[in-house]
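So the sequence shown is residues 1 to 171, counted in the UniProt record's numbering. Have a look at the structure below before the remarks.
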Amino acid sequence: MIRWARSEDLPRLAEVERAADGLFEPLGIVFPPGTTMIEECDDPGRVIVAGDPPVGFALIGEVDGLTHLDQLAVRPECQGRGVGTLLLHAVCDAAAAVTTAVTLTTFRDVAWNAPWYARRGFAVLPPELWGPELAALVERERAMGIELAPRVVMRRDVRADPATEDARTGL
1 MIRWARSEDL PRLAEVERAA DGLFEPLGIV FPPGTTMIEE CDDPGRVIVA GDPPVGFALI
61 GEVDGLTHLD QLAVRPECQG RGVGTLLLHA VCDAAAAVTT AVTLTTFRDV AWNAPWYARR
121 GFAVLPPELW GPELAALVER ERAMGIELAP RVVMRRDVRA DPATEDARTG L
């Protein structure tokens, strides 16, 4: 079940994020200590969840007038079952109603990051095409210590096309 978050979901999502982040440790990527991205969010209208109780979530925002995927996290024991793909479809469907594209930042060489997004229609966006807010976001990530391995900005164009809509998200 894919749905918009409720206020009571938000506190439980930090554990989902921490568990998903733990998958990076064997690759030598350890995130800076502190609060998770979801703990900094107080607006359930920015979060799409999978499951009840949630086993995954997508945190979205707006950057340079486009929908920006701030975070996509799925519990490790639920990965490989299409949960992330369903969440990503829900993000793109929601974005298509209000803008023309979705952007994100991700690790270039991690199999479940840039290559995974590329298989789902995202392409690397070169720096000369970044807007000012996106460039500032990348700099903020670097300053926070998130650039622990090569990162890229990716973009996927989205369109609202009633002929291709289906019931995959249920939103």
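Every residue gets a Cβ at the ideal spot worked out from N, C-alpha and C, and that includes glycine.
Limits of the alpha helix (DSSP H) - the one that residue i falls within
{"i": "L86", "result": "V83 to A96"}
{"i": "W116", "result": "A114 to A118"}
Sequence-distant residues of its chain with Cβ nearer than 7 Å to residue i (five each side left out)
{"i": "L59", "result": "M37, I38, C41, R46, V47, D70 and Q71"}
{"i": "G145", "result": "P32"}
Residue range of the beta strand (DSSP E) that includes residue i
{"i": "R151", "result": "R151 to D157"}
{"i": "R75", "result": "R75 -> no beta strand (DSSP E), and no H or E assigned at all."}
{"i": "P54", "result": "P54 to V63"}
{"i": "R12", "result": "That residue, R12, is in no beta strand (DSSP E); its alpha helix (DSSP H) goes L10 to D21."}
{"i": "A3", "result": "According to the sequence provided, residue 3 is Arg. The question's Ala does not apply to it. Run containing R3: I2 to W4, per the beta strand (DSSP E) assignment."}
Local Cβ density within 10 Å of residue i, reported as buried at 16 or more and exposed below that
{"i": "R108", "result": "exposed"}
{"i": "R156", "result": "buried"}
{"i": "D9", "result": "buried"}
{"i": "E141", "result": "exposed"}
{"i": "E17", "result": "buried"}
{"i": "P11", "result": "exposed"}
Same chain only: Cβ atoms within 6 Å of residue i, ignoring 5 sequence neighbours per side
{"i": "T99", "result": "L66 and T67"}
{"i": "D21", "result": "F31"}
Contacting residues, own chain, Cβ-Cβ under 8 Å from residue i (five flanking each side not counted)
{"i": "M154", "result": "T103, L104, T105, T106, A114, Y117, A118, F122, A123, V124 and L125"}
{"i": "V63", "result": "T103, G131, E133, L134 and L137"}
{"i": "A95", "result": "I60, L66, T67, A101, V102 and V158"}
{"i": "N6", "result": "For the record, residue 6 in the displayed sequence is Arg; it is not Asn. Closer than 8 Å at the Cβ level, and outside the excluded window around R6, lie P44."}
Where residue i falls: helix, strand or coil (DSSP)
{"i": "A50", "result": "strand"}
{"i": "A163", "result": "Any reading at A163 must be qualified, since the residue scores a pLDDT of 43, below 50, and its modelled position is unreliable; the value itself is stated next. Reduced to three states, the DSSP call for A163 is coil."}
{"i": "S7", "result": "helix"}
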